[in-house]
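**Q**
In the numbering used here, the protein residues as written are 288 to 405.
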């Protein structure tokens, strides 16, 4: 029964995000209502929003982030390389870390350590 509830919740979240994208150009307020409803559905079903949707919304004001219209995207190199997404409605900044080269190299070395030495 739990899996069917989560499947229904996932389908409704997808529908709400599609509608939010369609309506955003004409009515941004309605678009943010759709996003807020999708977040509430995810919380009530006790499941996280999929990553593709999580990066498209502002956690502070629940608005759908559309590059060039209501958000700014920058790549920063300080400390660790990361992407900064700034909501132009409320000013909230979200930082998305980029994967380090050392981690990739470590993963590759682990994969090769399983092989027998020559």
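The beta-carbon is built from N, C-alpha and C at its ideal position, and this holds for glycine as well. A quick note: this is a predicted structure, and the numbers were derived from the prediction, not measured.
Can you tell me where the alpha helix (DSSP H) holding residue 324 begins and where it ends?
**A** The residue labelled residue 324 in the question sits at position 37 within the chain shown. Element bounds for residue 324: 315-331.
**Q** Nearest-angstrom Cα distance between residue 288 and residue 308?
**A** On the chain shown, position 1 is the one that residue 288 refers to. On the chain shown, position 21 is the one that residue 308 refers to. Low per-residue confidence applies at residue 288: pLDDT is 48, beneath 50, and the placement is therefore not dependable, though the value from the model is reported in the following sentence. Rounded to whole angstroms, residue 288 to residue 308 spans 31 Å at the Cα level.
**Q** Which residue marks the beginning of the alpha helix (DSSP H) containing residue 341, and which one marks its end?
**A** Here residue 341 corresponds to residue number 54 of the chain shown, with the count starting at 1. Unbroken alpha helix (DSSP H) run through residue 341: 338-341.
**Q** Cutting at 7 Å between CB atoms, please list the residues of its own chain near residue 360, excluding the five before and the five after it.
**A** Position 73 of the chain shown, counted from the first residue, corresponds to residue 360. Closer than 7 Å at Cβ, skipping near neighbours: 354, 370, 372.
**Q** Leaving out the 5 sequence neighbours to the left and right, which residues in its chain are closer than 6 Å to residue 379 when beta-carbon positions are compared?
**A** On the chain shown, residue 379 is found 92 positions in, with the first residue counted as 1. Taken in chain order, the residues that qualify are 345, 347.
**Q** Find the nearest neighbour of residue 382 within the set 341, 322, 303, 356, judged by alpha-carbon distance.
**A** Walking along the chain shown from the start, residue 382 turns up at place 95. Selected option, being the one with the closest Cα: 341.
**Q** Within a Cβ cutoff of 6 Å, which residues of the same chain sit near residue 336, ignoring the five residues on either side of it in sequence?
**A** By one-based count along the chain shown, residue 336 stands at place 49. Closer than 6 Å at Cβ, skipping near neighbours: 329.
**Q** Taking only the alpha-carbon atoms, compute the straight-line gap between residue 312 and residue 292 and give it to the nearest angstrom.
**A** The sequence position of residue 312 within the chain shown is 25, counting from 1. The sequence position of residue 292 within the chain shown is 5, counting from 1. Answer to the nearest angstrom: the Cα atoms are 32 Å apart.
**Q** Between which two residues does the beta strand (DSSP E) holding residue 361 run?
**A** What you label residue 361 is simply residue 74 of the chain shown in a count that begins at 1. Start and end: 358-363.
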